[in-house]
Ligand code: SF4
């Protein structure tokens, strides 16, 4: 008897229960980047849920960083053969929306407005295309306020009848570790700030205070030593200087 109880516990550990959507059978997953979405996608796949990824992040600055994050996200979606909806980079609307809150700290009201904007667009797309549940990979990061994200998601979903925002905590049950594992396996691009120009400003200020150089875009990847990229970037710069001289 004791033996069989232990065995069933082991089986349960080896085979986690499939995830279940809170409403309907089609999920629209708002995605912010490849590292935050890698394990989420794997978990959804494992559960046999039909889903589509929606990339709508006009907050990301500068454009080079936006393209890096999006392309990396598309690469993994293509690998898993998941539909990928790429919406506008309407950054002017984003700046308009957060006007007056430029100096808010991260997790403050500026971030609520930023989440609201992205989730409202997600919910609209879901409504227009027959998705019953929406969710976001934004809550994967330990730097984010999970309740703040869920609040924005639920507000957006409540605009439409029979739509739910899925408040599943992707960090739990080993999710945070799996997120790192898949990021390293896939050698995803590793961003070093949340996304907007104000988070870049504040992160660079913090780095300067610590005597570190400002962020350089496109040089850091999970599972690869950063020094390789820094050395390559430096060598390329020196070669360019030699050519220009
Ligand atoms: S810090 Fe991040 S969540 Fe907050 S406003 Fe900037 S991009 Fe949006």
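In our numbering, the protein residues as written are -4 to 240.
Ideal Cβ positions, reconstructed from N, Cα and C, are used throughout, including at glycine.
- Here residue 113 is buried. Its C-beta has 16 or more other C-beta atoms within 10 Å.
- Taking 8 Å as the cut-off, the beta carbon of residue 186 is found no closer than this to the beta carbon of residue 101.
- Contact between residue 122 and residue 160 is absent: CB atoms are separated by about 13 Å, not below the 8 Å threshold.
- In this structure the region 32 to 45 does not lie against the region 91 to 100, because fewer than three pairs of beta carbons, one per stretch, are closer than 8 Å.
- Under the DSSP assignment, residue 132 falls outside any beta strand (DSSP E); it carries neither an H nor an E label.
- In this structure, residue 23 sits near residue 47, with a CB-CB distance shorter than 8 Å.
- In terms of CA proximity to residue 146, 108 leads the group 178, 180, 125, 108.
- Around ligand 1, the residues whose beta-carbon falls short of 5 Å from at least one of its heavy atoms are 54, 101, 105, 106, 109, 189, 190, 191, 194, given in chain order.
- Counting C-beta atoms within 10 angstroms of its own C-beta, residue 77 has 16 or more neighbours from the protein chains shown and is therefore classed as buried.
- By the criterion of a C-beta distance shorter than 7 Å, residue 139 is surrounded in its chain by 133, once the five residues flanking it on both sides are discounted.
- Of the residues 68, 71, 54, 83, the one whose Cα lies closest to the Cα of residue 92 is 54.
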